[in-house]
Amino acid sequence: SQQGEEDPQALSIQEGENATMNCSYKTSINNLQWYRQNSGRGLVHLILIRSNEREKHSGRLRVTLDTSKKSSSLLITASRAADTASYFCATAGGTSYGKLTFGQGTILTVHP
Amino acid sequence: KAGVTQTPRYLIKTRGQQVTLSCSPISGHRSVSWYQQTPGQGLQFLFEYFSETQRNKGNFPGRFSGRQFSNSRSEMNVSTLELGDSALYLCASSLAVDRNYGYTFGSGTRLTVV
C-alpha cells in the first residue's frame, strides 16, 4: 500500500510557469525524497530533504517539509517542456533499510 | 561512471513459468533494492540486499525471491508466474552509508505474462 497521497494527480501548465506538487504521508520519517520518471522508464533522484530540515533548494527545484503536518511540496520554477514527466515523493523511515514508500505520483505536462 | 544496469529490458513469459531478472549496481554501491511498478498499485517495494544479506522485504508472496552476489550484483526470481505479475520491475542501488541517502534507479525490466 502507498504511504502517501500526491496532489494534484495531473497538472498541465505552459512553459515558463511554476509547477507545485504536494505530498502527504502517514508515519514518521527519516527523510523524504522526490523522483522524476519519464514515460515508464527508470526513476531519477531529484532531491532529498531530511526530517530535521524545512526547506531545500537545487537549481530550479524547491522542496519544503512540514513534519507536523506530515506533508511536503515540490516547486519547479520556470518550467520547461523537458520537465514533462511523472513526479513521485517517497519516504524513508525507521529501520526500514533500503525501503522507499512511494506516493501515487503527479503527472506534469508542460506545453511549449 | 556507469549507471544501474538491468537486463533484460523486455520479457514475455507464459503463466506458470519462472523468470530471473538481473541488476548490476553502480560500482561501490552495496545496497540494492527492487520495486514493482503497475498502473493499479503504483511503486511497491519488493526487497533490499546489502552485502549479500536481505535486510528488508515487502509484502509479496514467496514466489518472489532475490539474492545478491559478492560483487553486489543482484537477481530477482519470480516462480509460477501469474498474469498479475506483469509489471515494470525496477532496481535501485545506493552507497547506503547512512539512512539519509538517495537511490539510483535502473531503466527497468518490463515483464509481460501471457
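Just so you know, the protein sequences line up as chains A and B, in that order. Residues in the first sequence are numbered consecutively from 1313, following the working numbering. Residues in the second sequence are numbered consecutively from -16, following the working numbering. Every residue gets a Cβ at the ideal spot worked out from N, C-alpha and C, and that includes glycine. These figures come from a predicted structure and were not determined experimentally.
(message) 9 Å is my cut-off, CB to CB: does Thr(-10) of chain B come that close to chain A?
(response) The beta carbon of Thr(-10) of chain B sits no closer than 9 Å to any beta carbon of chain A.
(request) Might you give, ordered along the chain, the residues of its own chain that have their beta carbon closer than 7 Å to the beta carbon of Gly1405 of chain A, omitting 5 neighbours on each side? (result) Thr1339, Ser1340, Ile1341, Asn1342
(message) For a test of the three-state rule: what should DSSP assign to Ser1313 of chain A, helix, strand or coil?
(response) Residue confidence is low: Ser1313 of chain A scores 41 on pLDDT, short of 50, so the model does not pin down where it sits. Its coordinate-derived value is still stated next. The answer is coil: DSSP assigns Ser1313 of chain A none of H, G, I, E or B.
(message) Quick test of your reading: Phe1400 of chain A and Leu1360 of chain A, contact by CB under 8 Å. State the CB separation rounded to the nearest angstrom.
(response) So it is not a contact: roughly 13 Å between Cβ atoms.
(request) Starting from the Cα of Leu1412 of chain A, find the closest Cα among B:Gly49, B:Thr(-3), B:Asn39, B:Thr(-10) and give me that residue. (result) B:Asn39
(request) Note down, in chain order, every chain A residue with its Cβ under 8 Å from the Cβ of Asn39 of chain B. (result) Ser1408, Tyr1409, Gly1410, Lys1411
(request) Would you check if there are 3 or more beta carbon pairs closer than 8 Å linking the segment 19 to 26 of chain B to the segment -13 to 1 of chain B? (result) no
(request) Could you check which residue in A:Leu1323, A:Arg1353, A:His1369, A:Glu1327 has the C-alpha nearest to that of Gln(-11) of chain B? (result) A:Arg1353
(message) Excluding the 5 residues flanking His12 of chain B on each side, which residues of the same chain have their C-beta closer than 7 Å to its C-beta?
(response) Once the five neighbours on either side are set aside, the close Cβ partners of His12 of chain B are Ser55, Ser76, Ser77, Leu78.
(request) Pull up the distance between the alpha-carbon of Glu1367 of chain A and that of Val61 of chain B, whole angstroms please. (result) 41 Å
(message) Which residue wins for smallest C-alpha separation from Ser1383 of chain A, given the options A:Asn1334, A:Ala1390, A:Ala1322, A:Gly1328?
(response) A:Asn1334
(message) For chain B, check one thing: does any of its Cβ atoms lie closer than 9 Å to the Cβ of Asp1378 of chain A?
(response) no
(request) Mind listing the chain B neighbours of Ala1404 of chain A? Cutoff is C-beta to C-beta under 7 Å, in chain order. (result) Neighbours of Ala1404 of chain A on chain B, chain order: Arg82.
(message) Measuring only the C-alpha atoms, how far is Gly1375 of chain A from Phe52 of chain B?
(response) Gly is not the amino acid found at residue 1375 of chain A; the sequence shown has Val there. Distance between the alpha carbons of Val1375 of chain A and Phe52 of chain B is about 37 Å.
(request) Tell whether a beta-carbon distance below 9 Å holds between Leu1387 of chain A and Thr1332 of chain A. (result) yes
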